[in-house]
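*Asks:* If you count by my numbering, then the sequence shown holds residues 1 to 367, one letter each, in order.
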Amino acid sequence: MVNSVVLVRAALVALTLVMHCSALYANDSLGVYFKLESFTYSETVPIDAALHEWETTDFESGDRQWSWNWLEMGVQWGHFSLGYLRREEYDLRFSPDTAELYWRTANQLDLAPNTDYEIDLRARHFQASGLRFAFRNHHAFAVMALDYQVGFARFEAQDLIDGRLVGRGRTVNNRDYDYVAELNYHYSEDRLFERQVEAPSGTGYAVDLALQAEYRQHRLSVVATDLVGAIYWRDAPYTEGTLNSDNKRYDASGYVRVNPILSGYEGVSDEFRQPLQTRITADYDYAVSDRLGVGLMLQQQYDKTLLAPSVALLASHALKLGYWPQTEMLQLQWRTPGWVISLGADGIDEGIRALALRFAYQPLLHR
1 MVNSVVLVRA ALVALTLVMH CSALYANDSL GVYFKLESFT YSETVPIDAA LHEWETTDFE
61 SGDRQWSWNW LEMGVQWGHF SLGYLRREEY DLRFSPDTAE LYWRTANQLD LAPNTDYEID
121 LRARHFQASG LRFAFRNHHA FAVMALDYQV GFARFEAQDL IDGRLVGRGR TVNNRDYDYV
181 AELNYHYSED RLFERQVEAP SGTGYAVDLA LQAEYRQHRL SVVATDLVGA IYWRDAPYTE
241 GTLNSDNKRY DASGYVRVNP ILSGYEGVSD EFRQPLQTRI TADYDYAVSD RLGVGLMLQQ
301 QYDKTLLAPS VALLASHALK LGYWPQTEML QLQWRTPGWV ISLGADGIDE GIRALALRFA
361 YQPLLHR
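1. Give the straight-line distance between the Cα atoms of P237 and Q277, rounded to the nearest whole angstrom.
2. Could you give the DSSP three-state label for A213: helix, strand or coil?
3. If we ignore side chains and look at the alpha-carbon of each, how far apart do C21 and V32 end up?
4. Which parts of the region 173-235 are runs of the beta strand (DSSP E), unbroken and 3 residues or longer, counting only runs that do not cross its ends?
5. Please identify the residue among E328, L307 and D226 whose C-alpha is closest to the C-alpha of E89.
6. To the nearest angstrom, report how far apart M329 and W68 are at their CA atoms.
7. Within 10 angstroms of its Cβ, does F80 collect 16 or more other Cβ (buried), or is it exposed?
8. Going by DSSP, name the residue or residues bridged to Q149.
9. Quick one: is L92 buried, meaning 16 or more other Cβ sit within 10 Å of its Cβ, or exposed?
10. I need the DSSP call for S95, collapsed to helix, strand or coil.
11. Should G62 and E43 be called a contact, given that it needs their Cβ atoms to be closer than 8 angstroms?
12. Just the C-alpha distance for G374 and M144, rounded to the nearest angstrom, thanks.
13. Spell out a yes or no on whether the region 110-119 and the region 45-56 are touching, meaning 3 or more CB-CB pairs, one atom from each, closer than 8 angstroms.
14. Let me know the secondary structure DSSP gives L101 once reduced to three states.
15. Which residue or residues does DSSP assign as beta-bridge partners of S81?
16. Note down the Cα distance separating V207 from A153, rounded to an integer number of angstroms.
17. Ordered along the chain, which non-local residues of its own chain (more than five positions away) have a Cβ less than 6 angstroms from that of S38?
18. Between which two residues does the beta strand (DSSP E) containing A49 stretch?
19. As an exercise, report each continuous beta strand (DSSP E) stretch of at least 3 residues that is fully enclosed by the region 299-362, in chain order.
20. Using the Cα positions of V197 and D190, report the straight-line distance between them to the nearest angstrom.
21. Pull up the distance between the alpha-carbon of P96 and that of G229, whole angstroms please.
22. Tell whether a beta-carbon distance below 8 angstroms holds between V132 and E72.
23. Should the region 313-330 be regarded as contacting the region 279-292, the criterion being three or more beta carbon pairs within less than 8 angstroms?
24. Classify L82 as buried or exposed, calling it buried when 16 or more other Cβ atoms lie within 10 Å of its own Cβ.
25. With V268 as the anchor, note down where its beta strand (DSSP E) starts and where it stops.
26. Sort R279, T327 and W324 by Cα distance to Y302 and report the nearest one.
27. Checking the sheet assignment: what are the DSSP bridge partners for T57?
28. How many angstroms separate the CA atom of E55 from the CA atom of Y41?
This is the structure we're talking about:
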């Protein structure tokens, strides 16, 4: 997943530049903008354990892990902007049986003898960097105001993972198991069989859309990232076939270690298309008074919809507090004209499973 130290350093450098340039061009239509956004979630084990082969005793049944990361900085002039973009995504979807079997074997825990497991794992990952061009505009009507932005990004991608493993497993005893599964996946690095391959290169394109409408006490904002988009990989290695657990060895304690056997074939796709998953965030606010508001936040990504009630306080509702019950995450947001800072987590220790960060600045449009 994205190195947090690198992101923090980039944020500090960008913050310095943004503050300097925003002051320099305060009375001009030229300025800089910056956006850092990240959301990492693991249903089964804490995020720290997910980065270390699930080595933990803290396990809960689940079927999702993901990490969505976006870093962008550029120049805005009038209604137009152009910036450098770096992004990374992990999307893991698995059956609860797959999660439990992997966790138990990774930690060499006892297995329940003669138990069947449904194996289903889908994995998707990429890193990318490139340019994003956007157009913003504002319209004021008799009863409402509307802001919108349309963006287009082109980027070069690397670190491809895209595939699925489906099958069945069965425990032999409390320290041994068998399985057979169908595999089909493309990759930059063969993590299953360590086949030496030449990493593919990818070129991606994406369109995004943002809308914000205000009508009396109501305000609604919607952002659709990767509304349309895909990465086109050239010369992408792949493996397809049937895996089985016939090749086994046992450690000193008698716990099985499986070196999977493939019955199938390996090759290289001239072109492989990896669709981008649309991400939608929405925020609705109702102003009860000048210093109090209530609302609802929505986030939809990787076919998972999350909802959070919220309350806004202070003048212009600058401070907002929201709670996401599905991830048990508490989110605090501070917003002022041009600036947004938001932090969310489901805890404050190493056991956190949900972590969200947003830090952004964008000059206001001259209207």
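Glycine included, every Cβ here is placed at the ideal spot set by N, Cα and C. Keep in mind it's a predicted model, so treat the numbers as computed, not measured.
*Replies:* Once the coordinates are examined:
1. Approximately 22 angstroms, taken between the alpha carbons.
2. A213: strand per DSSP, three-state reduction.
3. Any reading at C21 needs caution, since the residue's pLDDT is 49, under 50, leaving its predicted position unreliable; the model's value is listed next. Roughly 6 angstroms separates the two Cα atoms.
4. Taken in chain order, the unbroken stretches of beta strand (DSSP E) that lie wholly in the region 173-235 and span 3 residues or more are 176-187 and 201-215.
5. Distance check between E89 and each of E328, L307 and D226 places D226 closest, using alpha-carbon atoms only.
6. Looking at the backbone, the Cα of M329 and that of W68 are separated by about 16 angstroms.
7. Flag for F80 reads exposed.
8. In the DSSP output, where bridge partners are listed per residue, Q149 has R136 and A210.
9. Burial call: buried.
10. Coil at S95, not helix or strand.
11. Taking 8 angstroms as the Cβ cut-off, G62 and E43 qualify as a contacting pair.
12. This structure leaves residue 374 out entirely; the chain is present only between 1 and 367.
13. With a cut-off of 8 angstroms, the region 45-56 and the region 110-119 do not count as touching, because too few Cβ pairs lie within range.
14. DSSP places L101 in the helix class (H, G or I) of the three-state scheme.
15. Note: S81 sits in a beta bridge opposite Q76 and A134.
16. Spanning the two alpha carbons is a distance of roughly 6 angstroms.
17. Closer than 6 angstroms at Cβ, skipping near neighbours: N69 and L357.
18. Where A49 is concerned, there is no enclosing beta strand (DSSP E), although the alpha helix (DSSP H) it sits in stretches over I47 to A50.
19. Complete beta strand (DSSP E) runs here, min 3: 304-313, 319-324, 329-336, 339-345 and 354-361.
20. D190 has its alpha-carbon roughly 8 angstroms from the corresponding atom of V197.
21. The alpha-carbon atoms of P96 and G229 are separated by roughly 30 angstroms.
22. A quick correction: the sequence has Arg, not Val, at residue 132. It is a contact, given that the beta carbons lie within the stated cut-off.
23. As far as the Cβ criterion goes, the region 313-330 touches the region 279-292, which means the pair count is three or higher.
24. That one is exposed.
25. Per DSSP, the continuous beta strand (DSSP E) segment holding V268 begins and ends at I261 to P275.
26. Taking each of R279, T327 and W324 in turn and checking the Cα distance to Y302, the smallest one comes out for R279.
27. Paired residue(s): none; T57 is not in a bridge.
28. For E55 and Y41, the distance between alpha carbons rounds to 17 angstroms.
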